[in-house]
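Undergrad:
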Amino acid sequence: ESFSPPQLSVLNATNDQQQTVQIFLQKQQRSIGVPVGQSILMALENEGIAHPSGCRMGLCNTCACGKISGTTQHLISGDQQHDADSALRVCVSTAQNDLILDI
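When you number the sequence shown by the numbering used here, it's gap-free, plus one each residue, and the end is 363.
Structure follows, in structure tokens:
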């Protein structure tokens with residue numbers, strides 16, 4: 261058993277990591293640039309934004325926030341999520357295109 265989070269920034273490493281998308285944080289009225297393939301939580305922290313988190317493995321839902329629009333990919337399973345108005349675990353999700361989050 262492993263009790264430490266996987267190295268998410270290395271998962272799904274492709275040329276897409278050179279690409280940057282914009283994440284608009286609706287409550288903060290702020291936009292940040294995020295490399296495709298980087299966890300959204302890591303991107304928030306890199307910008308100095310303190311966002312609640314716990315396990316960093318997508319299990320505890322402490323980091324979950326509302327996704328208003330955009331496509332994300334789960335960094336562990338590779339599943340893409342296109343649904344708007346859904347809960348998003350930012351510790352294990354990366355933006356595939358521009359997003360609007362309820363943060």
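Virtual Cβ for every residue (Gly too), placed ideally from N, Cα, C. Quantities reported herein were computed from a predicted structural model and do not represent experimental measurements.
So Gly318 packs on Val352, CB below 8 Å; how close in whole Å?
TA: In this structure Gly318 is in contact with Val352, their Cβ atoms being roughly 4 Å apart against a cut-off of 8 Å.
Undergrad: Looking at the unbroken alpha helix (DSSP H) that takes in Ala303, where does it start and where does it end?
TA: Ile300 to Asn306
Undergrad: Under a three-way DSSP split, which group does Val296 fall into?
TA: Note: Val296 maps to coil in three-state DSSP.
Undergrad: At which residues does the beta strand (DSSP E) containing His334 begin and terminate?
TA: Thr332 to His334
Undergrad: Could you please give the first and the last residue of the uninterrupted beta strand (DSSP E) stretch that includes Val281?
TA: Thr280 to Leu285
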